[in-house]
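Here is the structure we will look at, set down as structure tokens.
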Amino acid sequence: MTTSAREEAPKEHLLRRIFIRVGVLPFFLGIALIVFTIMSDKFLTVQNLVNVGRQSVYLILVSLGQMLVLISGGFDLSVGTVIALSSVVSATVMVAMVPIFPDAVWLAIAIGALAGFGAAIVVGGINGIGVAVFEVSPFIMTLGVSSVGAGLALFLTGGIPVSGLPYEFGNMFGFGRLWGIPVPVIVAAVCIAAMWLFMSRTRLGAQVYAVGGNIKAAHLSAINTKRTLMMAYILCSLIAALTGLLLTARVESGEANLGGTIALESIAACVIAGVSLRGGLGRVENVVLGGFFIILVQNGMNLAQVSSYMQMVLLGALLILAVIFDQLRFRMIMSGR
Amino acid sequence: MTDTPLIQTRGLTRAYPGVIALDHVDFDLKAGEVHVLFGENGAGKSTLISLLAGANTPSEGEILVEGAPVRFASVADAQAAGIYTVFQEFSLIPTMTVAQNMFLGREPGFGPFTDHRAMRRGAQALLDELGFDVPVGETVSHLSRAQQQMVEIAKAFHGDPKVLILDEPTASLTDREVDHLFKTILKLRTQGVAIIYISHRIHEFERIADRVTVLRDGSYIGTTAMADTDEATLVEMMAGRAIRDIYPDIPHQPAEVLLEVDALRAWGVRAASLTARRGEVLGMAGLVGSGKSRLFRSIMGIQSVRGGTVRWKGADITGMATRHVIGAGIYYLSSDRKSEGLDLAKSAWQNLSIDLMMGREARGAMIRPRALRSAAAEIFETVELRDSYRSKAVAQLSGGNQQKVLFAKSFGHDADLFIFDEPTVGVDMGTRAALYRLIGDIAASGKAVIVISSDLPEVLNLAHRVLVMAEGRITAELTGEQRTEDNVLRHFFDETGETA
Chain A
0 MTTSAREEAP KEHLLRRIFI RVGVLPFFLG IALIVFTIMS DKFLTVQNLV NVGRQSVYLI
60 LVSLGQMLVL ISGGFDLSVG TVIALSSVVS ATVMVAMVPI FPDAVWLAIA IGALAGFGAA
120 IVVGGINGIG VAVFEVSPFI MTLGVSSVGA GLALFLTGGI PVSGLPYEFG NMFGFGRLWG
180 IPVPVIVAAV CIAAMWLFMS RTRLGAQVYA VGGNIKAAHL SAINTKRTLM MAYILCSLIA
240 ALTGLLLTAR VESGEANLGG TIALESIAAC VIAGVSLRGG LGRVENVVLG GFFIILVQNG
300 MNLAQVSSYM QMVLLGALLI LAVIFDQLRF RMIMSGR
Chain B
0 MTDTPLIQTR GLTRAYPGVI ALDHVDFDLK AGEVHVLFGE NGAGKSTLIS LLAGANTPSE
60 GEILVEGAPV RFASVADAQA AGIYTVFQEF SLIPTMTVAQ NMFLGREPGF GPFTDHRAMR
120 RGAQALLDEL GFDVPVGETV SHLSRAQQQM VEIAKAFHGD PKVLILDEPT ASLTDREVDH
180 LFKTILKLRT QGVAIIYISH RIHEFERIAD RVTVLRDGSY IGTTAMADTD EATLVEMMAG
240 RAIRDIYPDI PHQPAEVLLE VDALRAWGVR AASLTARRGE VLGMAGLVGS GKSRLFRSIM
300 GIQSVRGGTV RWKGADITGM ATRHVIGAGI YYLSSDRKSE GLDLAKSAWQ NLSIDLMMGR
360 EARGAMIRPR ALRSAAAEIF ETVELRDSYR SKAVAQLSGG NQQKVLFAKS FGHDADLFIF
420 DEPTVGVDMG TRAALYRLIG DIAASGKAVI VISSDLPEVL NLAHRVLVMA EGRITAELTG
480 EQRTEDNVLR HFFDETGETA
């Protein structure tokens, strides 16, 4: 066992180092690029890749929030619900505000958006209280909240999309451009930069890593662990709500069925990008790439005419595979081999 | 008796990448002897027995059983050769009963049916013989750690061993239970069973040992008959240096009282009172479960306080949240560095930087990398953690270096009182001496130190004042010449007999 491993060591070294540092993403990305380029000649074109970049904005945003919660040692299955709820709430409030402020449509939009964020704070706060104070498992807590929120969103609208949003809202946040760049892309870029700054340059960000790495040790290092967990869940919800608003602007109505599969997709994006399900490990820049990767695979499968049912199968398999590689990577980190 | 040893090892070696855990060890075991393996944690005792037990395979060298070379591929192989081992990590199934565990894999019965009554009877008979008071029908997870230890030992006895290996079997047993265990061991010895007994409690094993083999840093140091040696010689063999070179001289300059605890009550603590002052090392001795650790965990806000008061520099801090207690200037170093001390997947530097951010270098919302780095480098120098260990995942470091990281974390806060709970558990002797020097330096710099330890020499040699705890209350305060092992041991059991 020892001799053969030693002989191969120099060859493995670089790939191994990349794997330990970044995770499985570079390998998956390479494989996906090769496979889809072979399967469709439309895939590896500038236009298609720009298109994928633009489409991946929404998933990247949600994944940033998901990453925060994953690093804190939990996960959030309710991000999809927050998108739906914030969409429905903000649209309803916006539609109600327009006749009250007929001359100030932007004020109506702002109030609607604030209402959406308010709903997100409530959902994130409930998740946070459940996990931090009552120590409910994040899985059950966010699964339950996800059902509650989805039910509320449907109840509020009776299942009918909320239409009649101010034209300016969709025009700006759904289809608008600033300096030639789509507004959602700008919003995402700002969020990515802010999140990077938060996670790698602020004391609060460092505390999230510490709590996820070992919550008892964090407690003995004078960290307010409950507050840190609360903050992670609330921030995650807020980012999901922001995504919900952008999607609402895109479809120009408040819809309770937005964000259906995004919980799974965002967790997959994070884990593939090297965010450990055990908490404590993960980097913003990799998660951005992880979100991009998931959309890239979906795009490639569409171009290769893989049926949408089969795509579900592949996405789930990809997530499981990524988790298996996460286990291997964690073992390597712990043993140094 | 024949001359052929029951077990013999020749040049037995176990290497891991970068570490040689066991280095060409020649060891022999005779039938009918109690052979103690003595050495620090990390000396290679556990590696040696894992090879003999079949849990691990040697990289070099060979094992001979009754003169014939053997290769054990598994624990079952070793058991087939008559070698049974009680490891420190328990192999019990927590959801099963005591009897089920003891008969695991060899349940009595007919075909697929198990004879539960025969199983219970057999288990009870064996436990009675060993003098262990454990209910056979109880689920293992409901037992105390000491009782689980007894079940584990009974399980090995059940196999009718030729060689019995016991790895620190008394760690969580009371004196009475230890006596029973020793009687059983001596009985087995007369039946010709050879026993390998791992321990570092000299006072305990000198009662039963025939021979002692000392290991240090993976190497064989020597084997002597117990009758021909004494404690000082053994400790010097183990440590490679004299005791007086291990413990520093800590000047006793008791100054103002910082901490006053008055009749504190908490889970496992019944009305404990004490004071800690600057310039003094206060030692806390007591058995596992005596409350010596829980007392300070309640002060730190890790477990809740039921009554009494805690005053810090005159202010009431009873029941305050942990982070506020730390902020006020008390730091608690946990006895369990793996589960509540360190973030094992991160580097020493990352582990320390979080404390610096929350403590000494806590200014503003942003991280100041340069200030952090220089503060960390200075602290790593103080605790003598080598450069190459600072950026590796802590999980990869030895116990001694992990403990240095934990000490480093304590310097990340501006503390006036340092509470060290089992500060050298699983630490090699060289590192121990370094950690003791650190403790001495802290006290000499006019800060207050409390050392909680199950290691009596440690408490007695470091502390100026020793408090003994038993059953949740403080049973003795020993100063000056009173600080002897006998005096401490005498107060290990609460003789007042009151109940709270």
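Protein sequence lines correspond, in order, to chains A and B. Read in numbering that gives the first Met the number 0, the first sequence has 164 at position 165, and its numbers run on one by one without any break. Read in numbering that gives the first Met the number 0, the second sequence has 447 at position 448, and its numbers run on one by one without any break. Quick reminder that beta carbons are idealized off the backbone N, C-alpha and C, glycines included.
Nearest to residue i (by Cα), restricted to the options the options
i	options	result
A90 of chain A	A:L257, A:V322, A:L263 and A:M38	A:L257
T223 of chain B	B:D229, B:R210 and B:V234	B:R210
A265 of chain B	B:A275, B:H251, B:I245 and B:G306	B:G306
L151 of chain A	A:V87, A:L142, A:F26 and A:S275	A:V87
L434 of chain B	B:D415, B:F181, B:L384 and B:A394	B:L384
S198 of chain B	B:L437, B:D166 and B:V139	B:D166
I82 of chain B	B:A447, B:G439, B:G53 and B:E88	B:G53
L437 of chain B	B:Q99, B:L396 and B:Y246	B:Y246
L125 of chain B	B:Q146, B:S297 and B:F156	B:F156
I17 of chain A	A:G290, A:G273, A:A303 and A:S306	A:G273
G340 of chain B	B:K403, B:G278, B:T169 and B:L459	B:K403
Q54 of chain A	A:F197, A:G173 and A:P98	A:G173
T247 of chain A	A:G111, A:D102 and A:V51	A:G111
K182 of chain B	B:R206, B:L163, B:I164 and B:D159	B:R206
R277 of chain A	A:G73, A:M140, A:V21 and A:Y166	A:G73
A303 of chain A	A:Y166, A:V51, A:A209 and A:D40	A:D40
Three-state class that DSSP yields for residue i in the structure shown
i	result
I19 of chain B	strand
L164 of chain A	coil
V182 of chain A	helix
A8 of chain A	Because A8 of chain A carries a pLDDT of 44, less than 50, the predicted location of this residue cannot be relied on, and the following value inherits that uncertainty. Here A8 of chain A sits in helix by DSSP.
T2 of chain A	For T2 of chain A, the predicted model reports a pLDDT of 38, less than 50, meaning its position is unreliable and no value from the coordinates is stated.
S272 of chain B	strand
W311 of chain B	strand
P160 of chain B	coil
M140 of chain A	helix
Y246 of chain B	coil
Buried or exposed by the 16-neighbour rule on C-beta atoms within 10 Å, applied to residue i
i	result
M365 of chain B	exposed
A119 of chain A	buried
R322 of chain B	buried
T94 of chain B	exposed
H218 of chain A	buried
Q46 of chain A	exposed
E421 of chain B	buried
A187 of chain A	buried
P68 of chain B	exposed
T56 of chain B	exposed
T44 of chain A	exposed
W178 of chain A	exposed
A8 of chain A	The predicted model places A8 of chain A with a pLDDT of 44, which falls under 50 and marks its position as unreliable; any figure quoted below should be read in that light. Classification for A8 of chain A: exposed.
Y15 of chain B	exposed
Between the CA atoms of residue j and residue i - distance to the nearest angstrom
i	j	result
V207 of chain A	R482 of chain B	46 angstroms
T3 of chain B	F71 of chain B	20 angstroms
L244 of chain A	S252 of chain A	10 angstroms
L241 of chain A	L317 of chain A	27 angstroms
Y388 of chain B	I378 of chain B	14 angstroms
V122 of chain A	V61 of chain A	15 angstroms
D178 of chain B	F491 of chain B	16 angstroms
L214 of chain B	A231 of chain A	50 angstroms
G43 of chain B	L50 of chain B	11 angstroms
M0 of chain B	E32 of chain B	Residue confidence for M0 of chain B is low, a pLDDT of 46 falling below 50, so the modelled location carries little weight; the figure read from the coordinates is stated next. Spanning the two alpha carbons is a distance of roughly 12 angstroms.
C235 of chain A	F89 of chain B	41 angstroms
G64 of chain A	T227 of chain A	14 angstroms
Q401 of chain B	R336 of chain B	8 angstroms
V56 of chain A	V382 of chain B	47 angstroms
E203 of chain B	F37 of chain B	12 angstroms
Cβ-Cβ separation, residue j to residue i (assumed contact under 8 angstroms), whole Å
i	j	result
I449 of chain B	A238 of chain B	The pair is not a contact, with the Cβ atoms about 25 angstroms apart (cut-off 8 angstroms).
H34 of chain B	Y219 of chain B	Contact doesn't hold; Cβ gap of about 13 angstroms is too wide.
L5 of chain B	A193 of chain B	5 angstroms
I293 of chain A	A255 of chain A	In fact, because the Cβ distance is near 23 angstroms, the residues do not count as touching under 8 angstroms.
V424 of chain B	L455 of chain B	Actually they do not touch by this definition, with Cβ atoms about 14 angstroms apart.
I329 of chain B	M357 of chain B	In fact, because the Cβ distance is near 14 angstroms, the residues do not count as touching under 8 angstroms.
Contact test: residue i Cβ vs the ligand FAD heavy atom, cutoff 8 angstroms
i	result
D166 of chain B	The ligand FAD is absent from the structure shown, which contains no ligand whatsoever.
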